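Novice: In our numbering, the protein residues as written are 1166 to 1289.
Structure incoming, see below.
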Amino acid sequence: MSFEKDNTFISGRLKSVKYAVKGMFKLLTTEHSIMTQIFIAMVMIVAGFYFEISRTEWILQTLTIGVVLGVEGMNTAIEKICDFIHPGYHERIGFIKDISAGAVMLVAISAIAIGMMIYVPKFL
């Protein structure tokens, strides 16, 4: 794979979008953690329609879903880089991967809290 810089604005942006879509497709079709997060996101979207959440709640829910998926994607990228650099076990690589997974956990905890703030009052 060779790297060619495209100095034209329009075609350069189109290539960037093409690569981003390609990466998103790979992420969605190969990574089980993302597939799980997508399933949870779909459940939350259905719940949003069912409970007729407010515009502000939709904004928060949509932002939360995007952040969780984005951080999960970055975690996957970091893990793939680590595995490429050092395929076997290495203490420092393990440390890096643990930190990356911890970032996902922090975002997931925040997402759960936001979901509870939106949906628990609907049940009460």
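Every residue, glycine too, gets a C-beta built ideally from N, C-alpha and C.
Computed from a predicted model, the values in this text were never measured in an experiment.
Under 7 Å Cβ to Cβ from CYS1247, same chain only, skipping five residues before and after it: list those, please.
Specialist: For CYS1247, where only same-chain residues beyond five positions count, the Cβ hits under 7 Å are ILE1258, ILE1261, LYS1262.
Novice: Since I believe LEU1234 is in contact with ILE1279 (beta carbons under 8 Å), could you give me their beta-carbon distance rounded to a whole number of angstroms?
Specialist: With 8 Å as the limit, ILE1279 and LEU1234 do not qualify as a contact, their Cβ atoms being about 14 Å apart.
Novice: Look at the Cβ atom of GLU1237, then the Cβ atom of ILE1199, and state whether they are nearer than 8 Å.
Specialist: Yes, Cβ-Cβ distance for GLU1237 and ILE1199 is below 8 Å.
Novice: Restricting to Cα atoms, I'd like to know which of ALA1185, VAL1182, PHE1190, ALA1212 is closest to TYR1284.
Specialist: The residue with the shortest Cα to Cα distance from TYR1284 is ALA1212.
Novice: Between which two residues does the alpha helix (DSSP H) holding PHE1288 run?
Specialist: Looking at the DSSP string, the run of the alpha helix (DSSP H) that includes PHE1288 is 1256 to 1288.
Novice: Mind pulling the alpha helix (DSSP H) runs of 4 or more residues that sit fully within the stretch 1185 to 1270?
Specialist: Fully enclosed alpha helix (DSSP H) runs of 4 or longer: 1197 to 1215, 1220 to 1250.
Novice: If you drop the 5 nearest sequence neighbours on each side, which residues of the same chain put their C-beta closer than 8 Å to that of MET1209?
Specialist: Hits under 8 Å: GLN1226, ILE1230, GLY1280.
Novice: Could you name the residues of the same chain whose beta carbon sits closer than 6 Å to that of PHE1216, not counting the 5 residues immediately before and after it, in chain order?
Specialist: Here the set comprises LYS1287.
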